[in-house]
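Visitor:
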Amino acid sequence: MRFISLVIALTVFGPAVACDTNDIEIQQSSWRVDGEYTRVVGEFKNGCTEPTGAQLQLVFRRKSGEIVHVKDFWPASTNNVKAGALHAFGTMDRLAGLSFDQVDVKVIAVKRW
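Here the sequence shown is numbered in my numbering, starting from 17 and rising by one per residue.
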């Protein structure tokens, strides 16, 4: 009888489907250089079924594809973004002297805080 109760409990209250980096979608991003500083802004959508935090990675590249700088950050800090919600992000870095032509933005981790 205990086994049947456990099976029923796991069926009803079973483990939640895990959220994955593929569930977070970058909706838009752009960047600009202002003097010695580079500002990257954008927006992502939490496609997970529960509130989740997302870690993003910015990869700064030259036309040749050479990577000149990488930055990882949690745009919502230690806060979860509501399921299905859009979240705007922005960051500014002093990259004086670095020459780059493109900034790629990707999701590298998810975490429920």
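For every residue, glycine included, the Cβ atom is placed at its ideal position computed from N, Cα and C.
None of the values given here were measured: they were computed from a predicted structure.
#1: What ranges does the beta strand (DSSP E) occupy inside the region 81–108, keeping only unbroken runs of at least 3 residues that lie completely in it?
#2: What does the Cβ neighbour count give for Asn62, buried or exposed, with the cut at 16 atoms within 10 Å?
#3: By how many angstroms is the C-alpha of Ala92 removed from the C-alpha of Ala34?
#4: Tell me, please, which residues DSSP counts as bridged to Arg110.
#5: Helix, strand or coil: how does DSSP classify Thr68 here?
#6: Would you kindly report the start and end of the unbroken beta strand (DSSP E) that includes Lys122?
#7: Checking the sheet assignment: what are the DSSP bridge partners for Gln43?
#8: Which term fits Thr65, buried or exposed, when burial requires 16 or more other beta carbons within 10 angstroms of its beta carbon?
#9: Could you please give me the residues that DSSP links to Arg77 through a beta bridge?
#10: Exposed or buried, which one is Val49 when buried takes at least 16 other CB atoms within 10 Å?
#11: Is the beta carbon of Phe76 sitting closer than 9 Å to the one on Ile83?
Guide: According to the structure data:
#1: 83–89
#2: buried
#3: 19 Å
#4: Tyr53
#5: strand
#6: 118–127
#7: Paired residue(s): none; Gln43 is not in a bridge.
#8: exposed
#9: Ile83, Gln118
#10: exposed
#11: yes
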